[in-house]
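*Asks:*
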Amino acid sequence: MMRLESSPEDAGRAIAAAERAYATWRLVPAPKRAELLFRAAQLIAERKETFARDMTREMGKVLEETRGDVQEAIDMTFFMAGEGRRLYGQTVPSELRDKFAMSVRQPLGVCGIITPWNFPMAIPSWKIIPALVCGNTVVFKPSSLTPLSAINFVKVLEEAGVPAGVVNMVTGGPEVGEILCKHDAVKVVSFTGSTTVGRIVNQNAAPTFKKVHLEMGGKNIVMIMDDAQLELAVEGCVWGGFGTTGQRCTAASRVVVHERVYDEFLSEFSRRVRALRVGDGADDRVQMGPSISESQLQTVMKYVEIGKEEGAKVVVGGKRLTGGAYARGWFHEPTIFAEVSPSMRIAREEIFGPVVSVMRCRSLDEAIAIGNDVAYGLSASIYTRDINKAFTAMRDLYTGIFYVNAPTIGAEVHLPFGGTKATGNGHREAGIAALDVFSEWKSIYVDFSGKLQRAQIDTE
Ligand code: NAD
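Residue numbers 413 to 872, in the numbering used here, belong to the letters of the sequence shown in order.
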């Protein structure tokens with residue numbers, strides 16, 4: 413029988429190839445490395461529609477969104493390729509005469525890249541491209557649910573002229589992923605996925621002191637104040653909660669609404685969500701696709717039951733969609749729970765599906781307290797017309813991303829992306845911050861005085 417997944421031996425070979433290629437790739441001038449990446453970005457742009465259609469076919473996200481996913485990979489590749497002519501370090505004055513002081517970024521070696529299925533091209537680009545521009549080589553293991561988008565991306569890099577061995581792809585699940593985390597030759601592991609697996613990745617990487625970058629789960633909140641522009645807030649919550657079928661780490665799965673506008677918001681939010689067209693992502697009229705897999709659908713259904721048992725009220729949806737066009741996928745109704753209390757599991761745990769929990773609050777302080785009172789810290793947002801409230805919330809929500817008058821999703825590639833608490837381990841991807849994951853600082857002192865000068869001692 414043909415083996416569809418890489419074997420542990422394949423993973424070992426990929427790491428060895430990356431190790432060999434590193435010896436020469438790290439010495440290619442960064443602007444030259446970047447030229448190849450610019451070419452790759454152009455190729456992806458030319459094939460955007462094909463890649464988007466492949467992605468919709470592969471994982472069900474609606475076409476408009478898979479086009480966005482591919483666009484994000486294009487944006488990231490162009491942005492990071494630009495770093496090939498920067499990769500700025502610092503030059504500083506020395507405290508001693510005739511001495512020069514500077515810092516430079518140096519690559520680390522082989523990077524193990526492990527990614528989830530929900531952004532099958534964007535997330536790999538966030539990791540692979542900064543790794544390459546810094547001079548590292550890569551072994552990439554995508555989710556076993558989305559290998560086609562991963563292959564599309566890697567093939568473009570090959571076609572753009574990235575030399576053999578610099579980017580290596582392996583398929584498979586935990587067995588192969590664990591090799592990347594444990595192997596001595598892998599110097600960085602950059603992982604995006606669930607908090608449960610992120611913890612295992614961290615533990616497996618610890619004995620070899622790898623640099624570990626983790627982007628994990630979320631339970632993001634939209635806070636709606638009584639002075640908010642309600643129509644805008646409703647629109648934001650529909651997109652934030654049900655875009656990508658709620659399968660975004662930044663999904664707005666919690667909404668807390670000031671009691672004075674709670675009923676009005678809920679009624680309009682429910683009306684809009686009931687009208688969402690669910691179905692085949694390749695159909696342009698469809699607004700929400702299926703869950704990625706049967707097991708993800710089971711998780712959604714399990715949480716709907718938990719919510720009901722906890723005493724929350726299903727005001728929209730609540731059931732699996734079956735029959736007719738739904739027979740060929742894992743579809744679930746977009747679902748809203750109302751009268752949710754912050755202590756319920758549906759308000760605290762990541763569901764990763766089309767389920768939004770709506771809660772009530774009496775003040776901004778209470779909304780902020782509810783917002784912070786979860787294990788995760790990825791994204792939060794506030795709808796208000798009061799600038800004082802906006803700035804207070806901006807300061808007090810302990811998350812990595814914050815929005816004003818927009819939902820919890822919508823990050824752009826040139827600012828840092830990531831979260832606090834159980835969402836992340838202090839690193840960020842995207843923006844210039846991504847370079848910190850894939851490079852290490854080297855401080856260099858050049859003494860041209862011709863004599864021994866002792867720092868902190870020869871002070872005259
Ligand atoms: P997952 O944790 O199940 O898998 C992620 C990746 O890890 C996959 O490639 C998988 O094969 C691999 N893997 C599984 N076990 C492993 C092990 N023991 N060692 C090494 N690798 C292993 O996540 P998923 O279901 O693919 O994605 C959904 C999750 O990803 C959600 O929790 C979501 O919040 C999170 N996510 C986070 C971000 C972020 O930036 N914070 C972005 C997107 C998705």
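By construction, the Cβ of each residue, glycine as well, lies at the ideal position given by its N, Cα and C atoms. Computed from a predicted structure; not experimentally measured.
Kindly list the residues whose CB is nearer than 6 Å to the CB of P554, restricted to its own chain and excluding five residues on each side of it in sequence; keep chain order.
*Replies:* If we look at P554 and ignore the five residues flanking it on each side, its Cβ neighbours are T527 and A562.
*Asks:* If you follow the beta strand (DSSP E) that N580 is in, where does it begin and where does it stop?
*Replies:* V579 to M581
*Asks:* Within the continuous beta strand (DSSP E) that includes T503, where are the two ends?
*Replies:* Q502 to P505
*Asks:* Suppose you measure from the CA of A737 to the CA of A433; what does that come to, to the nearest Å?
*Replies:* Distance between the alpha carbons of A737 and A433: 48 Å.
*Asks:* How about G589: is its Cβ closer than 7 Å to a heavy atom in the ligand NAD?
*Replies:* yes
*Asks:* CB of L688 to nearest heavy atom of the ligand NAD: below 7 Å?
*Replies:* no
*Asks:* Can you find the residues in the same chain that come closer than 7 Å, C-beta to C-beta, to V728, ignoring five residues on each side of it along the sequence?
*Replies:* S682, V685, R686, P746, T747 and I748
*Asks:* Can you find a heavy atom of the ligand ATP that lies under 7 Å from the Cβ of K631?
*Replies:* Of the ligands one can find in the structure shown, namely the ligand NAD, none is the ligand ATP.
*Asks:* Can you give the Cα-Cα distance for R732 and V726, rounded to whole angstroms?
*Replies:* Going by C-alpha positions, R732 is about 14 Å away from V726.
*Asks:* Span of the alpha helix (DSSP H) holding K714?
*Replies:* Here the alpha helix (DSSP H) through K714 covers E706 to E722.
*Asks:* Taking the DSSP output, what are the residues bridged to L626?
*Replies:* F603
*Asks:* Between I427, T607 and E676, which lies nearest to K594 when the distance is taken from Cα to Cα?
*Replies:* I427
*Asks:* Any contact of the region 562-580 with the region 505-521, i.e. 3+ C-beta pairs under 8 Å?
*Replies:* The region 562-580, when compared against the region 505-521, does not touch it at the 8 Å Cβ threshold.
*Asks:* Quick one: what does DSSP say K941 is sitting in, helix, strand or coil?
*Replies:* One cannot answer for residue 941 here, as it falls past the ends of the chain, which runs 413 to 872.
*Asks:* Beta-carbon within less than 7 Å of P754's beta-carbon, same chain only, minus the 5 sequence neighbours each way: which residues are those?
*Replies:* M771, I782 and D785
*Asks:* Strictly by DSSP, which residues pair up with V646?
*Replies:* According to DSSP, V646 shares a beta bridge with no other residue.
*Asks:* In three-state DSSP terms, what is W437?
*Replies:* W437: helix per DSSP, three-state reduction.
*Asks:* Please report the residue range of the alpha helix (DSSP H) in which Y674 lies.
*Replies:* From DSSP, the alpha helix (DSSP H) with Y674 extends over Y674 to R686.
*Asks:* What are the boundary residues of the alpha helix (DSSP H) that G480 is part of?
*Replies:* Per DSSP, G480 belongs to the alpha helix (DSSP H) from L475 to G494.
*Asks:* Apart from the five residues on each side of it in sequence, which residues of its chain come closer than 7 Å, Cβ to Cβ, to G862?
*Replies:* Hits under 7 Å: none found.
*Asks:* With respect to the alpha helix (DSSP H) encompassing I821, which residues constitute its N-terminal and C-terminal limits?
*Replies:* I821 -> no alpha helix (DSSP H), and no H or E assigned at all.
*Asks:* Distance check for F677 and I591, CA to CA, integer angstroms please.
*Replies:* 49 Å
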